[in-house]
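Novice: What follows is a single structure, and I will ask about it in a moment.
Numbering (mature numbering (1 follows the signal peptide of the UniProt record, and there is no 0)), first residue to last: -29 to -1, 1 to 634.
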């Protein structure tokens, strides 16, 4: 029986019995506070818009339940007090004080949804915590947590954050309070899955030799760790700036976190390849005297992911499969759609594996859950959340509903909706439902009017023409905003901006409405998107800020992946009439690159190709130097060197700051 089949065995009555309520307001990521805001006809200072009331709670949520705060504070040992964490070049990788305003704020600010503010208060706690006997966590020094398990002679590190700098600071905080003489070397490291916030800081934990250190990861880790950061990496990085609000200031009218954590660090990313892969549920490994039992969960929050139990310590790591927020079925930064059906199935399997066997569950984000009953409750509620979203979306697909229609009508049962861990701080019902629709049906809703629509600028020109020009569009947008329909108001103003990006009044008005929408969001990611849009409309696009990929990441790429990363940069029309054959000899292997019909392809063999016009003999480091645009020193060339120049001439450079809210 597959994990997906097991989901039915422990289904709760709530997910099975609840009906889909046809209430569009409760189905979106807009909170009750925002709904109140949209019905208030008050003029915003920066343009047409409305302002919410800080007295309005997000639905009928149990704010009197303080259990999460007790859990978030439990086991606290010490905070990190070392000031901003900087790179070798002096750039700030992480500033622990950037979110001090959250603890200093008295009451809920008017500009933040109360439910999101509650989550921000929980996430703003940082420092070293004791989880249980021999298990410690450092939280609040990056987007994710670093977990440290004390073995018989050393340490097992789980998920070493994004950056080497933050990981080193986290390990230093642990040593300061648990191992001041440094008698516990790192004996092993575990990557729960291949997202960068779970491996990127590895060099901060193991800056030198890794000889004798076991590094475990789920099967498929390297393939997915590398591919996600290469092929569509530049576009994902640009959109991530919106998703995490990385370029926003922190503050009550700006970035207050991202629901899953506070923000992403901006240090140096590394990747030390695993020495051992976990391939099957039930597989056991003993690291430095600590026995671990693994559960494979591919296709859930990541294409390669695993949970694991420490039987003697009665503790389970849930990776990122069960956190204190609704997670993403489709991320707004862009990624492959995740399988909500499989996710629910694996959580059912987790319930069976860990019921009665764990007294604490910790994860790669947020705070732990103590007590077996509470653990089973968390897993059950999250299982029912993803299962309900999946099943009800598919049911409505089969009734002919489109993704946007389902997103407007699907409502969670109250017994799931009022669970704090199910609230949409990171994922949302709205965009998760659209992701499930996309997984099954693709982008097209079968209405032929949507089969061949104009691209944004051309459509905007026609909209503005039909409505009578830029002034008329701005006037109509103001009317809709005053009625409380900010969603259509921003649609109109977006057309005005795309029709005439020099219309400062349209950009000002649109930025004002984005601010109002953002301030009312319970979902941190939606808030960041709106506030980033407002900032870029007002101030323009700022230079890209992101973590720096260290040499480990590039060395982890296979030669085939390096060629593929070139292939997706070929300017097809520019290369239509170009035909060339180049061989790369690396070691004993010849890589045959062929460019024809605007497509770069490759094969391998043990001998030089007869049609190769140029053969380049080089090492992997020399290849990386070549692709980084730093010359051909040390590379032996036989044949016509001009072919290399021709090949490189048709490669487009990615744009790290392409426009999003303007043409």
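We put the CB at the ideal spot given by N, CA and C, even for glycine.
(1) Could you name the residues of the same chain whose beta carbon sits closer than 7 Å to that of residue 466, not counting the 5 residues immediately before and after it, in chain order?
(2) Hey, out of 107, 619, 446, whose CA is closest to residue 539's CA?
(3) Output the distance between the C-alpha atoms of residue 146 and residue 559, rounded to the nearest integer angstrom.
(4) For residue 560, which residues does DSSP report across the bridge?
(5) Evaluate the contact criterion for the stretch 102 to 114 versus the stretch 130 to 148: three or more CB pairs, one atom per stretch, below 8 Å.
(6) Would you say the beta carbon of residue 367 is closer than 6 Å to some non-hydrogen atom of the ligand COA?
(7) Below 8 Å, can you find three or more Cβ-Cβ pairs linking the stretch 118 to 132 to the stretch 519 to 531?
(8) Helix, strand or coil for residue 158, going by three-state DSSP, please let me know.
(9) Determine, using beta carbons only, whether residue 102 and residue 331 come nearer to each other than 7 Å.
(10) Under a Cβ-count criterion, where at least 16 other Cβ atoms within 10 Å of its own Cβ denotes burial, should residue 563 be classed as buried or exposed?
(11) In the DSSP assignment, find the beta strand (DSSP E) that holds residue 585 and state where it starts and stops.
(12) Please state the DSSP three-state secondary structure of residue 16.
(13) Is the beta carbon of residue 357 less than 7 Å from the beta carbon of residue 392?
(14) Note the first and the last residue of the continuous alpha helix (DSSP H) segment covering residue 593.
(15) Looking at residue 317 and residue 268, is the spacing between their C-beta atoms short of 7 Å?
(16) Under the rule that 16 or more other beta-carbon atoms within 10 Å means buried, what is residue 325, buried or exposed?
(17) In the structure shown, what three-state DSSP assignment does residue 127 receive?
(18) Which word fits residue 422, buried or exposed, when buried means at least 16 other C-beta atoms lie within 10 angstroms of its C-beta?
(19) Beta strand (DSSP E) containing residue 52: first to last residue?
(20) By a C-beta neighbour count over all protein chains shown, 10 Å radius and 16 as the cutoff for buried, is residue 425 buried or exposed?
(21) Can you tell which of 342, 333, 319, 338 has its C-alpha closest to the C-alpha of residue 327?
(22) Roughly how many whole angstroms lie between the Cα atoms of residue 165 and residue 338?
(23) Following the continuous beta strand (DSSP E) through residue 278, name the residue where it begins and the one where it ends.
(24) Check whether the Cβ atoms of residue 554 and residue 579 lie closer than 7 Å to each other.
(25) With DSSP as the reference, label residue 610 as helix, strand or coil.
(26) Does the stretch 232 to 251 come close enough to the stretch 184 to 197 that 3 or more CB-CB pairs lie under 8 Å?
(27) Is DSSP giving residue 95 helix, strand or coil here?
(28) Residue 218 by DSSP, collapsed to three states: which one?
(29) Taking just the CA atoms, how far does residue 92 sit from residue 232?
(30) For the alpha helix (DSSP H) containing residue 170, name the first residue and the last one.
(31) Give a yes or no on contact between the stretch 213 to 231 and the stretch 377 to 389, applying the rule of three or more CB pairs nearer than 8 Å.
(32) In the DSSP assignment, the beta strand (DSSP E) including residue 444 goes from what residue to what residue?
(33) At which residues does the beta strand (DSSP E) containing residue 576 begin and terminate?
(34) What residues in its chain sit with their C-beta under 8 Å from that of residue 160, if we drop five residues either side in the sequence?
(35) Check whether the Cβ atoms of residue 398 and residue 298 lie closer than 7 Å to each other.
(36) Going by alpha carbons, who is nearest to residue 95 out of 83, 74, 107?
Specialist: On the basis of the supplied data:
(1) 431, 434, 435, 444
(2) 619
(3) Residue 146 and residue 559: Cα-Cα distance of roughly 46 Å.
(4) 557
(5) yes
(6) Here there are no bound small molecules, and the ligand COA is not part of this structure.
(7) No, because fewer than three Cβ pairs between the stretch 118 to 132 and the stretch 519 to 531 fall closer than 8 Å, the two stretches do not touch.
(8) strand
(9) It is a contact, given that the beta carbons lie within the stated cut-off.
(10) Burial check for residue 563: the Cβ neighbour count within 10 Å reaches 16 or more, so the residue is buried.
(11) 585 to 588
(12) Note that residue 16 has pLDDT 31, beneath the 50 cutoff, so the model's placement of it is unreliable and the number below is only indicative. It is coil, neither helix nor strand.
(13) It is not a contact, given that the beta carbons lie outside the stated cut-off.
(14) 591 to 598
(15) yes
(16) buried
(17) strand
(18) exposed
(19) No beta strand (DSSP E) contains residue 52, which DSSP labels as neither H nor E.
(20) exposed
(21) 342
(22) Rounded to the nearest whole angstrom, the C-alpha separation of residue 165 and residue 338 is 21 Å.
(23) 277 to 281
(24) yes
(25) strand
(26) Segments in contact, yes.
(27) coil
(28) It is coil, neither helix nor strand.
(29) Residue 232 and residue 92 have their C-alpha atoms roughly 11 Å apart.
(30) Per DSSP, residue 170 belongs to no alpha helix (DSSP H) and is neither H nor E.
(31) no
(32) Where residue 444 is concerned, there is no enclosing beta strand (DSSP E), although the alpha helix (DSSP H) it sits in stretches over 441 to 454.
(33) 570 to 576
(34) 127, 128, 129, 131, 173, 176, 177, 184, 185, 186, 187, 243
(35) yes
(36) Residue 95 has its Cα closest to that of 74, out of 83, 74, 107.
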